[in-house]
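Engineer: Supplied in structure tokens, the structure appears directly below.
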Amino acid sequence: MAGIALHGDLVAQLSDTQVRTLRHRLESVKLLPPHGADANNPNSYGSITQAAVALPEITAPERFRIYCMAITNKGVSGAHPSTWSAAIDQAAAGTMVGDDDGAPQRLFVLSTGNTAPVMRMAKLIGQDSYPAEDPSQSWNALTIGGYTDFSAVTDPGYEDWSTLAKVGELSPHSRTSVGWLHSRSPFKPELVLEAGNRAVSPARNDILTVDSLCLLSTGRDVGRLPLVPFDATSAATAQGARIAARIAADHPEYWPEMIRALMVHSGEYTEHMRSAFAAQPGLRERYALVRRFGYGVPDFERATASARDQVALVAQSEIQPFRMQGTRKFNDCHYYQLPLPTAVLEQLGNELIDLKVTLSYFVDPNPGFSANVDPQRYQSYGLRFDLRRKGETVDLFKRRVNAAERDDPSIGGARHPDDSRWLLGPDSISTGSLHCDTWSGPAIDLLGRDRLCIKPVGGWWRDRARPEVVNRRASYALVVTLKGRRIDIDLHTPISIAVQPPVEIDLPLGN
1 MAGIALHGDL VAQLSDTQVR TLRHRLESVK LLPPHGADAN NPNSYGSITQ
51 AAVALPEITA PERFRIYCMA ITNKGVSGAH PSTWSAAIDQ AAAGTMVGDD
101 DGAPQRLFVL STGNTAPVMR MAKLIGQDSY PAEDPSQSWN ALTIGGYTDF
151 SAVTDPGYED WSTLAKVGEL SPHSRTSVGW LHSRSPFKPE LVLEAGNRAV
201 SPARNDILTV DSLCLLSTGR DVGRLPLVPF DATSAATAQG ARIAARIAAD
251 HPEYWPEMIR ALMVHSGEYT EHMRSAFAAQ PGLRERYALV RRFGYGVPDF
301 ERATASARDQ VALVAQSEIQ PFRMQGTRKF NDCHYYQLPL PTAVLEQLGN
351 ELIDLKVTLS YFVDPNPGFS ANVDPQRYQS YGLRFDLRRK GETVDLFKRR
401 VNAAERDDPS IGGARHPDDS RWLLGPDSIS TGSLHCDTWS GPAIDLLGRD
451 RLCIKPVGGW WRDRARPEVV NRRASYALVV TLKGRRIDID LHTPISIAVQ
501 PPVEIDLPLG N
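UniProt numbering numbers the first residue of the sequence shown as 1 and each following residue consecutively.
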């Protein structure tokens with residue numbers, strides 16, 4: 001796992017003579033007890049994890065870290081918050097035991113857990129029957145599942161064997177959150193990375209894991225086995241942590257929320273995944289697909305650079321969700337002016353373009369949560385994004401944003417025809433602290449839709465906290481891209497000219 005976190009899959013790395021420079025390093029803290037010792041009590045997993053986080057920070061507090069953890073609570077579904085997932089949420093938010101007020105946030109990269117390694121085809125069951133394991137449900141963590149691009153078995157003696165999964169499909173090792181209750185659980189995993197494939201015998205009776213369907217990593221015994229095969233969601237999680245560390249090294253000014261947002265925003269679906277979405281025209285039917293594939297396969301280059309046909313608005317900001325003014329009320333609302341080039345949109349007319357929005361923030365979990373907690377009581381606050389509708393004046397947009405449904409976003413407001421252009425739609429956002437959606441349609445339909453609002457929704461900071469907590473500020477990261485379907489569409493030049501200071505703050509939000 002360490003080799004993958006440092007170098008990625010070594011098959012590609014060893015195929016050329018390019019000199020490589022590492023800009024990130026590894027630290028390791030062991031969570032599991034020594035061999036032969038009693039197993040850790042599951043009720044202590046959270047406190048053990050927080051202690052493991054604190055140990056290297058005490059030793060070298062100046063280092064920025066990405067926390068990678070691929071172990072899970074075997075056989076325990078992550079359908080509801082647990083003491084372990086809540087402890088990770090606390091650590092990510094900078095509110096765990098020992099953290100000072102204003103402590104920095106932390107980014108955790110977790111695994112969904114692996115399916116059972118069955119050896120007989122007759123015992124194989126669908127991957128949706130394997131729920132992602134605790135603590136993968138952590139709201140603030142970036143949870144990684146697996147897909148595969150391995151397409152051929154090349155091991156000697158297995159020439160007639162085939163692959164279990166097709167190219168671009170979910171890896172046979174990966175779990176999903178399809179069985180979780182949507183209204184009470186976040187989309188997990190958020191991303192999928194290469195986790196390897198499995199081989200099927202010619203008679204389609206036997207299933208094996210073979211070297212040619214695994215990634216290649218460094219071995220622990222350098223003298224005897226310097227290179228070893230490595231697969232499953234541990235390999236995928238290590239790759240995710242590597243991308244996060246590389247982004248942090250290139251952009252030390254980015255907050256953990258931004259690194260997570262950039263990674264998720266860079267996700268793209270494989271051809272197989274896109275076909276699955278195309279076969280599900282209804283919004284709600286697509287939720288299950290996100291609970292399998294997340295928001296796609298991330299890419300370091302896409303996460304750190306804006307191509308000529310894809311322009312990014314990247315913002316890190318602080319917001320005060322609530323205020324104590326006699327009564328407890330909503331406070332700030334942030335409005336972003338999107339630099340949509342009117343002349344270009346008119347010229348493109350009915351050409352299809354994609355407007356993608358990713359919003360990332362970290363909640364402080366309610367210390368008194370229960371297993372079946374309402375999301376509004378688990379989160380300290382929530383944030384949502386809203387795009388100005390076609391033909392809607394700025395004044396009408398702000399009045400709609402201030403509507404009372406923000407008290408209970410699970411109810412939602414009246415549906416609008418514009419909602420059908422979103423891949424997932426506003427009803428997809430019920431829980432979690434990472435929200436990503438893509439509007440797709442004719443360029444001309446984006447005319448006049450140049451305002452994006454970041455608005456708070458309820459949480460325990462507002463309803464149950466002391467006055468000084470009600471008035472707390474919180475940070476978030478926002479990434480917005482406009483992308484043309486055709487590679488010859490130049491959006492970069494006109495948008496670069498149109499860019500203006502992006503954010504204005506609107507204060508009176510009423511209740």
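We treat Cβ as the ideally placed atom computed from N, Cα and C, and that holds for glycine.
Hey, would you say residue 442 sits closer than 8 Å to residue 344, going by beta carbons?
Structural biologist: No.
Engineer: Assign residue 371 to buried or exposed, taking buried as 16 or more other Cβ atoms, counted over all protein chains shown, within 10 Å of its Cβ.
Structural biologist: Confidence at residue 371 is low in this model, with a pLDDT of 49, below 50, so the placement of that residue is unreliable and no value is reported for it.
Engineer: Please name the residue, chosen from 449, 360, 418, 348, that lies closest to residue 484 on a Cα-to-Cα basis.
Structural biologist: Nearest of 449, 360, 418, 348 to residue 484, Cα basis: 348.
Engineer: Short check: CB of residue 64 to CB of residue 252, under 8 Å?
Structural biologist: Yes, the pair counts as a contact, with Cβ atoms nearer than the cut-off.
Engineer: Quick one: give me the first and last residue of the alpha helix (DSSP H) that residue 84 is part of.
Structural biologist: Here the alpha helix (DSSP H) through residue 84 covers 83–93.
Engineer: Are the CB atoms of residue 179 and residue 128 nearer to each other than 8 Å?
Structural biologist: In this structure, residue 128 lies closer than 8 Å to residue 179 by Cβ.
Engineer: Under 8 Å by Cβ, that's how I've got residue 292 and residue 163 pegged, so tell me the actual separation to the nearest angstrom.
Structural biologist: 18 Å between Cβ atoms; not a contact.
Engineer: Tell me the DSSP secondary structure of residue 434 in three-state form.
Structural biologist: Strand.
Engineer: Quick one: what's got a C-beta closer than 6 Å to residue 354's C-beta in the same chain, skipping five residues either side?
Structural biologist: Contacts found: 438, 440, 483.
Engineer: With C-beta atoms as the reference, is residue 170 less than 8 Å away from residue 298?
Structural biologist: Not a contact, by the Cβ cut-off of 8 Å.
Engineer: Leaving out five residues before and five after residue 286 in sequence, what residues of the same chain have Cβ atoms less than 7 Å from its Cβ?
Structural biologist: 277, 280, 423, 424.
Engineer: How about residue 254 and residue 360: do their beta carbons lie closer than 8 Å?
Structural biologist: No, the pair does not count as a contact, with Cβ atoms beyond the cut-off.
Engineer: Quick one: any contact between the stretch 46–53 and the stretch 81–93, if contact means 3 or more CB pairs under 8 Å?
Structural biologist: Because the criterion of three Cβ pairs below 8 Å is met, the stretch 46–53 and the stretch 81–93 touch.
Engineer: Would residue 4 pass as a contact of residue 235 if the rule is Cβ separation under 8 Å?
Structural biologist: It is a contact, given that the beta carbons lie within the stated cut-off.
Engineer: For residue 324, report the span of its beta strand (DSSP E) as first-last.
Structural biologist: From DSSP, the beta strand (DSSP E) with residue 324 extends over 322–325.
Engineer: Note down, in chain order, each residue of its chain lying with its Cβ closer than 8 Å to the Cβ of residue 473, except the 5 sequence neighbours on either side.
Structural biologist: Counting only Cβ-Cβ distances below 8 Å, and skipping sequence neighbours, we find 318, 319, 320.
Engineer: Count the other CB atoms, across all protein chains shown, that sit within 10 Å of the CB of residue 66; report buried if there are 16 or more and exposed otherwise.
Structural biologist: Classification of residue 66: buried, given that the 10 Å Cβ count is 16 or more.
Engineer: Please confirm whether residue 216 and residue 79 have their CB atoms less than 8 Å apart.
Structural biologist: Not in contact: residue 216 and residue 79 (Cβ atoms no closer than 8 Å).
Engineer: Kindly indicate which residue of 230, 148, 158 has the alpha-carbon position closest to the one of residue 166.
Structural biologist: The shortest Cα separation from residue 166 among 230, 148, 158 belongs to 148.
Engineer: Could you give the DSSP three-state label for residue 199: helix, strand or coil?
Structural biologist: In this structure, residue 199 counts as strand in the three-state DSSP scheme.
Engineer: Pull up the CB-CB distance for residue 453 and residue 238, whole angstroms please, since I reckon it's below 8 Å.
Structural biologist: Actually they do not touch by this definition, with Cβ atoms about 37 Å apart.
Engineer: Checking 8 Å against the spacing of the C-beta atoms, do residue 206 and residue 284 come in under that value?
Structural biologist: Contact: no.
Engineer: Between the beta-carbon of residue 461 and the beta-carbon of residue 322, is there less than 8 Å?
Structural biologist: Closer than 8 Å, so yes.
Engineer: List the whole-angstrom C-beta distance separating residue 184 from residue 375, where the pair is believed to meet the contact cut-off of C-beta under 8 Å.
Structural biologist: Confirmed, Cβ separation roughly 6 Å.
Engineer: Beta strand (DSSP E) containing residue 355: first to last residue?
Structural biologist: Its beta strand (DSSP E) spans residues 352–361.
Engineer: Opposite residue 145 in the DSSP bridges: which residues?
Structural biologist: Paired residues: 192.
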